[in-house]
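Which chain is which? The protein sequence lines are A, B, C and D, in order. Those letters in the first sequence? Residues 0 to 250, per numbering that gives the first Met the number 0, in order. Those letters in the second sequence? Residues 0 to 336, per numbering that gives the first Met the number 0, in order. Those letters in the third sequence? Residues 0 to 452, per numbering that gives the first Met the number 0, in order. Those letters in the fourth sequence? Residues 0 to 386, per numbering that gives the first Met the number 0, in order. Written below as structure tokens is the structure these notes are about.
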Amino acid sequence: MSLLAIHGVNKRFGGLRALNDVNLSIKQGSVHAIIGPNGAGKSTLLNCLVGRIKPDEGRVDFDGRSLLGLEPQAINQAGVARVFQTPEIFPDLSVMENVMMPAFASKDGAFRIGLWRRVADRRDVEAEAEEILHDLNLWDQRDHHAGSMSRGDKRRLELAMCLVQHPRLLLLDEPTAGMSRADTNNTIDLLKKIAARGITKVIIEHDMHVVFSLADRVSVMAQGTVIAEGTPAEIKNDPRVQEAYLGGAHL
Amino acid sequence: MDALILQVLNGLDKGGAYALIALGLTLIFGTLGVVNFAHGALFMLGAFCSVSFAKLLTISERVRDESVTFFEAYKEVPYLEIWWGETGKSIVDWAVPLSLLLTVPVMLLVGVAMERGLIRFFYKRSHAEQILVTFGLAIVLQEIVKSFFGANPIPLAAPAALSGSADIGSLVGLHGISYPLWRMIYFVFSLGVIGAVFAFLQLTTFGMVVRAGMADRETVGLLGINIGRRFTVVFGIAAVVAGLAGSMYTPILSPNYHLGMDFLVLSFVVVVVGGMGSLGGAVVAGFLLGILQSFASMTQVKAIIPGIDQIIIYLVAVVILLALPRGLMGRRGVMEA
Amino acid sequence: MSIKLEWSRRRFLTTSAALGAGLAAPHVFVRNAWSQDKVFCNNPTGGTVTLGFNVPQSGPYADEGADELRAFQLAVKHLNGEGDGGMIPTFKPSSLKGNGILGKKVAFVTGDTQTKSDAARASAKRMVEADKAIMISGGSSSGVAVAVQSLCQDMGVIFMTGLTHSNDTTGKDKRRYGFRHFFNAYMSGVALGPVLAEEYGKDRKAYHLTADYTWGWTQEESMKNATEAQGWQTVQTVRTPLGAGDFSQYLTPVLNSGADVLILNHYGGDMVNSLRQAVTQFDMKSKQVNGKNFEIVVPLFSELMAEGAGAAAKGILGTANWDWKLDNAATKAFAKSFGTEYGRPPSQAAHTCYAQTLLYANAVEMAGTFYPPEVIKALEDFEFDGLGNGPTLYRGADHQCFKDVLVVRGKEEPANQFDLMEVVKIVPRDTVTYDASIFGGELGPAEVKGCAA
Amino acid sequence: MSTVTARPGPKRELLTLAIFALAILTMPIWLAPIGAGYPDILQKFAIFGIFAIGFNILFGFAGYLSFGHAAFLGAGSYAAVWAFKLFSLNAVFAIVFAIAVAGIFSLVIGYVSLRRSGIYFSILTLAFAQMSYNLAYSVLTPITNGETGLQLSGGDPRVLDRALFVTTSRLQPPDLFGIALQGWSGFYFCAVLLVIAFYVSMRIRHSAFGLTLLAIKSNQRRMGFTGFSAKPYLLTAFVISGMYAGLAGALLATTDPLAGADRMQWTASGEVVLMTILGGVGTLLGPVIGAALIKYLEQIFSSFNEALLHRTFDFLPGAADDVVTAIFAPFVGEGWQLTLGLMFMAIVIFLPGGIMEGVRRIAGASRRQRTGSSAAAREVGRRIPAE
């Protein structure tokens with residue numbers, strides 16, 4: 000059963016054809032990696048999914064409901080959370096508050112005038128945030144200023160911000176970009192750990208090590224279109240992929 | 000028809016002043032990222048450079064009026080006239096154009112001193128703090144001027160040959176269109192200054208770096224170019240442009256110490272309508288608002304919408320900003336957060 | 000900081016006392032208590048009496064405010080018997096003794112109106128509440144005068160206005176506690192009309208540029224009526240935004256409108272700029288329209304404005320309340336006293352403020368008490384002479400002074416740096432006197448709860 | 000690594016409130032020695048404190064710099080005076096009416112202005128306020144009474160008073176069920192409302208709504224992807240701060256029944272910006288302190304004159320008295336604005352973050368002395384301080 004279905008999505012920027020008839024189907028509960036060389040259209044596709052960019056043609060259906068034309072907050076409220084390539088957090092808030100914000104969003108909706116009730120009285124929200132912070136080893140830093148954290152910690156924080164919402168679909172945009180091998184391995188472990196939660200994930204990634212460690216299925220994009228799809232093993236051995244993406248080199 | 004042409008002319012000289020102030024302001028915004036609330040004060044200082052220069056030229060011999068006994072009343076005859084007769088007289092007469100000789104170095108000095116002594120410590124501070132410190136500076140500057148020159152407006156005349164109005168209609172075969180000479184000079188002057196600034200930015204390597212800085216400050220900083228010194232120069236140029244605008248405006252508007260505050264709000268509106276970080280936008284918006292303001296003042300227009308001349312500038316600003324999110328020519332992301 | 004130690008103790012004591020009173024006695028119990036034993040606002044108890052001088056110290060009229068302050072200081076000096084006495088010896092009938100007011104030494108406090116209603120009222124309140132001023136005086140705009148006047152009515156403190164020229168001050172916004180020595184727009188029109196007809200002929204077409212607020216409107220209306228009574232036509236009246244600065248867009252249509260006179264109902268910076276632009280840039284004074292010389296009129300003239308307008312003011316007709324070159328004993332005495340003290344002649348704003356201070360002090364002496372209702376009674380319908388304007392009446396019906404009005408002209412060949420206007424004609428008091436009822440308004444009660452409650 | 004304080008609970012809130020209320024209500028006593036112990040200035044402290052607290056909800060919490068908030072202050076004043084004129088001299092009615100009018104006015108302006116952000120937003124608000132001011136001064140004179148300002152008059156209908164047989168004399172100021180609202184009682188009335196306004200702002204700050212505003216200020220782009228729609232939050236904050244301004248305007252009109260157009264001018268809008276920055280943007284207490292400081296300078300420094308200076312320094316020998324007077328003279332009286340300008344510069348140069356930052360530094364220094372340098376790590380301030 001597919002949670003997210005992308006049908007014939009096209010997007011042009013001036014003369015450049017960024018997305019060319021993209022078709023994708025993401026199965027419920029799967030970890031689906033999208034790989035491809037730079038400029039293949041991976042990030043553009045992701046931006047279409049979260050409402051940042053509106054495709055020229057095509058359909059994006061999430062659980063049978065179209066996501067096209069929805070504002071980002073409506074897409075999030077529908078159950079799609081996203082981790083950005085460069086961590087997007089609230090740098091002026093504490094780590095705890097950073098995690099509480101999305102929890103409020105999923106509990107109270109996109110807008111609610113809660114002028115009077117103290118944050119301190121919202122035990123339900125606090126409890127969830129605390130749990131996530133424990134899970135992601137951020138508990139010790141809960142009162143720290145998020146803006147002054149290291150890049151790796153920020154990324155972990157952003158992941159926490161997404162997980163606290165119990166999203167049905169989690170989009171990860173190069174979660175290990177710019178990380179050392181050790182950090183990358185830690186992140187892989189972390190993602191494996193949260194895989195146990197059964198959240199459907201779409202991962203955009205360059206690093207094959209990450210892809211093949213995590214993904215159930217892999218789609219390969221090149222020049223704005225999906226050229227191959229399959230299990231990691233299939234993809235590894237697909238000559239078209241090696242041709243287009245790896246330039247013929249053997250993995 | 001004549002009336003419309005005249006109102007366009009009115010708009011052009013007004014627009015010239017707006018454009019010059021906005022040009023410097025947006026230069027500072029764009030390159031330095033500083034919200035300079037003291038920019039109106041720089042315009043005012045330019046005007047008072049002319050006042051000081053005229054006062055210097057008219058240092059006078061005082062001939063006591065004996066009919067007044069309880070205080071010193073005297074008739075003043077400038078020494079220049081006494082020494083050099085007619086030549087001296089015409090030097091005094093040409094005080095305002097000549098005062099540019101004083102305005103340029105003084106304003107350059109003021110600009111450099113301001114940037115080195117104060118503004119540069121605020122590049123990394125929040126806009127709120129920039130506003131507070133430059134606004135404080137503007138108050139201090141105007142109070143200093145007030146303590147020297149008083150609060151009353153000070154009359155400065157254009158040279159006799161350039162005052163009064165000229166029949167410019169006859170040049171294009173229309174009759175009865177006469178327009179003040181000095182205002183036309185001001186318009187041409189403002190075009191000249193704008194042209195000079197653009198030429199400087201387009202044709203010199205220095206200008207190229209500045210433009211690159213306006214486009215992407217961080218990258219230019221990474222190139223290892225000494226941005227600090229260039230910022231100082233940019234600030235100096237902006238100060239000179241504002242000062243020149245003020246200096247030449249004195250025959251049109253009698254300067255008083257409050258002049259800068261009167262222009263401050265207006266110049267911000269012009270800059271924002273033009274679009275943050277766009278020099279061309281600032282110039283276009285300056286002239287556009289000047290001309291629209293003139294049209295709105297026509298009795299025929301006021302008969303349809305009473306009080307329109309009171310609000311036209313702000314109304315246009317609202318309409319433009321709602322229709323064009325970043326003003327006429329603004330770039331994405333500049334001062335939007 | 001040590002600056003405030005001396006007077007802060009006094010303020011502390013009075014404040015604490017007032018605080019106690021305010022907490023302990025709801026005003027309902029004392030509402031009617033004062034009228035019997037004359038408890039009233041700031042009844043001076045010690046050896047001094049404090050006057051509050053509220054003048055513009057910042058903003059465009061700061062220089063005028065500074066001149067008003069000079070006059071006030073001089074008046075206080077003279078009241079206390081110091082200096083040469085100024086106009087006290089010429090003032091008749093006078094009850095002034097030169098030993099302060101009712102034997103109490105006169106002290107004063109100052110404040111900044113900023114030419115804004117709110118700031119002026121805040122400053123006046125400080126003088127009344129903190130400094131215990133018994134009277135407020137000064138100011139340089141009608142808006143401020145009306146605002147402070149109504150405040151003073153509420154607080155039960157007499158307000159002697161400074162420079163305010165709008166008909167409203169003693170017309171629709173008049174108050175029992177407000178008194179105006181300065182003349183008004185109506186008088187300007189009545190005085191100026193015949194002179195204009197005489198100088199420029201009866202067949203004239205006028206174009207008005209008017210500052211777009213209440214003073215401008217009353218000025219425009221008064222000038223329109225007065226000139227039309229002389230047979231002039233009004234071609235157009237155009238309102239200009241206050242502080243417009245550049246008036247070119249309003250001046251360009253004038254010459255093609257068929258009008259041959261431009262009347263500038265502007266004051267201060269507006270007047271300086273519109274006049275200078277009309278004369279030096281649009282060359283209006285040298286134009287011929289309808290076969291006549293084009294003329295410009297500025298109904299309300301002042302020294303500071305003439306100074307600001309420079310050569311453009313030469314030959315321009317207008318009106319003034321007073322001029323230091325007038326040929327009468329009181330004027331000479333005042334000009335001498337002021338000139339000796341400050342090295343410059345007094346402006347008409349300074350003169351009216353000086354006169355108001357003396358008039359208040361004299362009324363207190365006449366009443367024999369500081370109790371405002373009695374002082375008001377002494378001022379109402381008080382007929383006097385010797386303050387520079389000839390015989391003058393403080394009319395009781397609207398608290399407006401009636402005296403001669405000067406028609407003045409910007410001097411063509413100044414003999415010295417202060418010689419900016421010349422008096423063309425002195426229009427007698429009877430000509431400019433009008434029926435108090437024409438502007439409506441209501442003075443209100445003399446006995447008010449005031450700040451003592 | 001910097002840390003921030005935990006979320007305060009009701010106990011700490013009440014303690015803060017109690018200290019604040021005590022400080023405000025005893026102002027007549029502890030401000031008297033510096034010459035500010037009289038009703039009018041204390042009323043102004045309280046009223047502009049309310050104005051600045053409200054402004055801070057928009058600017059300090061959500062980071063949106065409005066340059067036209069004086070329009071709501073003015074609208075509140077006009078509404079209150081009209082309520083006095085048309086309905087009743089009872090202040091309760093006028094205040095409610097004024098808050099409602101300012102709320103609606105700010106809803107309209109906020110809805111349009113919030114379509115833009117950053118400086119574009121600031122200029123839109125400025126433009127609306129300047130239009131309001133210019134029109135109030137000229138063509139809207141039938142409603143605003145222009146330059147002179149809207150006043151009460153004997154002929155006002157006051158239909159509610161009449162209907163309820165409350166007799167009001169012809170030129171009577173507003174009251175609260177018979178209690179006069181001028182002078183000292185007026186101050187206590189404003190002070191109580193200030194304390195309430197402070198408490199409400201504190202609750203907003205500590206609520207999920209307040210946290211959301213802080214998050215918007217911190218990273219508005221993230222809000223949508225976190226599932227929030229920022230616009231309605233911003234609009235609510237805008238309207239709340241507009242209503243605060245309306246309350247302040249109504250109190251100005253209540254304690255002193257006159258509403259002038261000057262209240263809407265850009266300088267008035269600028270003033271509340273300066274008050275907030277001066278005190279400390281985003282802090283709860285800072286705006287109140289900033290408001291009081293500016294009003295104090297405006298009133299007290301302008302009231303000095305040379306005679307008073309001479310009298311103050313007459314304990315010095317003759318020449319020294321003259322010298323000291325000459326040194327101080329340029330900064331007081333007509334030079335009070337010079338002092339204001341210098342103070343703006345000095346505070347922003349030496350105390351980035353405003354006066355509250357200075358307070359925090361002093362508190363931090365004394366705590367360090369007590370507990371040693373181990374506490375130093377905790378002193379690195381956060382950009383949006385809690386109190």
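Using N, Cα and C, we set each Cβ at its ideal position, and we do this for glycine too. As the structure is a prediction and not an experimental result, all values here were calculated from the model.
Q: Would you list the residues sitting across from residue 12 (chain A) in a DSSP beta bridge?
A: A:15
Q.
What does the Cβ neighbour count give for residue 305 (chain B), buried or exposed, with the cut at 16 atoms within 10 Å?
A. exposed
Q. Whose Cβ in chain C lies nearer than 7 Å to the Cβ of residue 296 (chain B)?
A. 248, 249
Q: Have a look at C:335, C:252, C:60, C:75 and flag the residue whose alpha-carbon is nearest the alpha-carbon of residue 7 (chain B).
A: C:252
Q: Apply the 10 Å Cβ neighbour rule to residue 8 (chain A) and answer buried if 16 or more other Cβ atoms are within range, or exposed otherwise.
A: buried
**Q.** Check: residue 160 (chain D) C-beta below 7 Å from any heavy atom of the ligand SAH
**A.** Absent from the structure shown: the ligand SAH. Ligands present: none.
Q | Contacts of residue 339 (chain C) in chain B (Cβ-Cβ under 9 Å) | A | 69, 70
Q) Just how far apart, CA to CA, sit residue 322 (chain D) and residue 104 (chain C)? A) 27 Å
Q) What residues from the stretch 405-428 of chain C come within 8 Å of chain B, judged by C-beta to C-beta, listed N to C? A) 413, 414, 415, 416, 417, 418
Q: Put residue 164 (chain C) into one of helix, strand or coil per three-state DSSP.
A: coil
Q. Taking a cut of 7 Å between CB atoms, which residues from the stretch 304-332 of chain B lie near chain C?
A. 308, 309
Q: Going by CA-CA distance only, name the one from D:300, D:186, D:313 that's closest to residue 342 (chain D).
A: D:300
Q.
List, in chain order, every chain D residue whose beta-carbon is nearer than 7 Å to that of residue 89 (chain A).
A. 214, 217, 218, 221
Q) Are there 16 or more other CB atoms within 10 angstroms of the CB of residue 349 (chain D), so buried, or fewer, so exposed? A) exposed
Q) Taking C-alpha atoms, which residue in B:250, B:151, B:208 lies nearest to residue 162 (chain B)? A) B:250
Q. So which residues of chain A does residue 231 (chain D) contact, with C-beta pairs closer than 7 Å?
A. 110
Q) Using 8 Å as the Cβ pair cut-off and three pairs as the minimum, do the stretch 204-213 of chain C and the stretch 246-260 of chain C touch? A) yes
Q) How about residue 172 (chain D): is its C-beta nearer than 8 Å to some C-beta of chain C? A) yes
Q. Using the beta-carbon of each residue, which ones in chain C are nearer than 7 Å to residue 136 (chain D)?
A. 212, 241
(Q) So for residue 20 (chain A), helix, strand or coil by DSSP? (A) strand
Q: Determine the contact status of residue 433 (chain C) and residue 185 (chain C), defining contact as a CB-CB distance below 8 Å.
A: yes
Q: Please report the residue range of the beta strand (DSSP E) in which residue 137 (chain C) lies.
A: 134-137
Q. Should residue 289 (chain D) and residue 51 (chain D) be called a contact, given that it needs their Cβ atoms to be closer than 8 Å?
A. yes
Q. Any contact of the stretch 253-268 of chain B with the stretch 259-275 of chain C, i.e. 3+ C-beta pairs under 8 Å?
A. yes
Q) Based on Cα-Cα distance, which residue from C:181, C:331, C:75, C:95 lies nearest to residue 402 (chain C)? A) C:181
Q) Just checking my contact of residue 76 (chain B) with residue 60 (chain B) at CB under 8 Å: how many whole Å lie between their CB atoms? A) 5 Å
Q | Neighbourhood of residue 123 (chain A) by C-beta, 8 Å cutoff - its chain only, sequence neighbours within 5 removed | A | 106
(Q) Quick check on residue 114 (chain A) - is its C-beta less than 8 Å from some C-beta in chain D? (A) yes
Q: Tell me where the alpha helix (DSSP H) around residue 198 (chain D) begins and ends.
A: 182-205
Q. Does the stretch 42-62 of chain B touch the stretch 224-242 of chain B, meaning 3 or more C-beta pairs lie closer than 8 Å?
A. yes
Q. With contact counted as at least three CB pairs below 8 Å, one residue from each stretch, are the stretch 263-281 of chain D and the stretch 61-71 of chain D in contact?
A. yes
Q. Whose CA, out of B:316, B:136, B:167, lies closest to the CA of residue 338 (chain D)?
A. B:136
(Q) Any beta carbon from chain D within less than 8 Å of residue 101 (chain A)'s own beta carbon? (A) yes
Q. Below 8 Å between beta carbons: does that hold for residue 312 (chain B) and residue 288 (chain B)?
A. yes
**Q.** CB-CB length for residue 123 (chain C) against residue 108 (chain C), believed under 8 Å
**A.** With a Cβ gap of about 11 Å, residue 123 (chain C) and residue 108 (chain C) do not count as contacting.
Q. How about residue 299 (chain C) and residue 317 (chain C): do their beta carbons lie closer than 8 Å?
A. yes
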